[in-house]
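Just so it is clear: in the sequence shown, position 45 is 45 by the working numbering, and no numbers are missing. C-beta: ideal position from N, C-alpha, C; glycine also. Remember, predicted model here, so these are calculated numbers, not experimental data.
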Amino acid sequence: MAYTEQRITSIQRWSEKNFSFTTTRPEKFQFDNGEFVTLGLRQEGKLIARAYSIVSTNEDDHLEFFSIHVPDGPLTSRLVNIREGEGVWINSKPTGSLTLKYLQPGRNLYLLATGTGLAPFISLIRDPEVYRQYEKVILVHTVRTKVELAYKEQIRSLTGEHLVYVPTVTRETFENSARVSDLFCSGELFSNIGLPVADPQYDRVMLCGNPHMLDEMTAYLESGGWTMTNYKGVGNFTIEKAFVLAKEG
Ligand SMILES: Cc1cc2nc3c(=O)[nH]c(=O)nc-3n(C[C@H](O)[C@H](O)[C@H](O)COP(=O)(O)OP(=O)(O)OC[C@H]3O[C@@H](n4cnc5c(N)ncnc54)[C@H](O)[C@@H]3O)c2cc1C
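Okay, structure coming up:
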């Protein structure tokens, strides 16, 4: 069977807009850090399931997820009310393109996220392998309001010689109010953190966020000589949508 029922083991509410939860881990469930899986709730026998990046690492005995709350969303309007001990259905086949194997080896690794696009990168920055493969890992997370900066204390506790964390908030006063794409494309990011401007020959980029940010960054990188990982081969940047926009009309 593709889905198994797992138990919620803890819930962390960051704000009205987002929350995290941990679950028991299905037997024999293996994944590469950075991958996503579909999970859902059963409503009158019908499964409502959505893609979710896995926040925990493959070493952990539980699974962890970071969720948006869409007030009228078919899944998250219900998931937001879930309690410890209740069940959630998790698919057995994780997948995704934000894993270390989908990038050529390199010098510095840039992880650029908006909103819940942070989720796969939490898994990656918790993995010691990422620091063996890259000299520096730079995580930039853009949100609209300060309360949406989930995981900031945990990320800060991992920063140091190898991990640089740049949170930015666009709709409130904050130490940095630039959008992740503006920071990267203007070069301001590199002067702020004292690193050379990202170079497709040496550096690597992973993107996860809203479709607009992905389009903007993809156009910028490709015009600068970067190659995206796709079915043709492994490149020096790789992307994944943090969500799909609803069809208009
Ligand atoms: C590969 C992939 C990985 C994903 N990983 C995550 C994840 O780790 N955490 C997560 O919360 N969601 C994630 N999503 C989105 C998720 O699949 C659902 O869309 C989300 O849980 C909302 O479900 P829903 O049924 O309540 O609303 P839906 O009907 O799915 O969405 C309604 C609308 O809400 C908006 N929306 C949906 N999800 C988000 C979001 N995450 N951030 C901002 N706006 C959103 C969009 O405009 C969307 O059209 C991922 C999606 C994809 C394709």
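In the three-state reduction of the DSSP assignment, residue 150 falls in the coil class. Here residue 160 has no same chain residue with a Cβ atom under 7 Å from its own Cβ, once five neighbours each way along the sequence are excluded. Take residue 111, set aside five residues on each side of it, and the residues of its chain with a beta-carbon closer than 6 Å to its own are 121, 139, 206, in chain order. Following the DSSP letters along the chain, one finds residue 184 in no beta strand (DSSP E) but inside the alpha helix (DSSP H) bounded by residues 180 to 186. Counting along the chain, the unbroken alpha helix (DSSP H) around residue 130 starts and ends at 128 to 133. Those residues that have a beta carbon less than 7 Å away from any non-hydrogen atom of ligand 1 are, in order along the chain, 36, 48, 50, 51, 52, 53, 65, 66, 67, 68, 70, 73, 74, 75, 76, 77, 96, 115, 116, 119, 210, 240, 241, 242, 243, 244, 245, 246. Residue range 119 to 125 is occupied by the alpha helix (DSSP H) that includes residue 119. Scanning its chain for C-beta atoms nearer than 8 Å, with the 5 sequence neighbours on each side dropped, one finds around residue 47 the residues 3, 40, 41, 89, in chain order.
Distance from the CA of residue 131 to the CA of residue 155, rounded to the nearest whole angstrom, comes to 14 Å. For residue 221, the uninterrupted alpha helix (DSSP H) segment begins and ends at 211 to 223.
Around the CB of residue 215, fewer than 16 other CB atoms lie within 10 Å, so the residue is classed as exposed. In the same chain as residue 92, and ignoring 5 residues on each side of it, the C-beta atoms closer than 6 Å to its own belong to 2, in chain order. Taking a cut-off of 8 Å for Cβ pairs, the region 49 to 63 and the region 25 to 36 touch, as three or more such pairs fall below it. Just so you know, the alpha carbons of residue 180 and residue 16 end up roughly 23 Å apart.
Note that the C-beta distance between residue 82 and residue 8 is below 7 Å. When DSSP states are grouped into helix, strand and coil, residue 111 belongs to the strand group. Taken in chain order, the complete alpha helix (DSSP H) segments of 4 residues or longer contained in the region 12 to 94 are 76 to 79.
Of the residues assessed, residue 72 falls on the exposed side of the cut-off, its CB having fewer than 16 other CB atoms within 10 angstroms.
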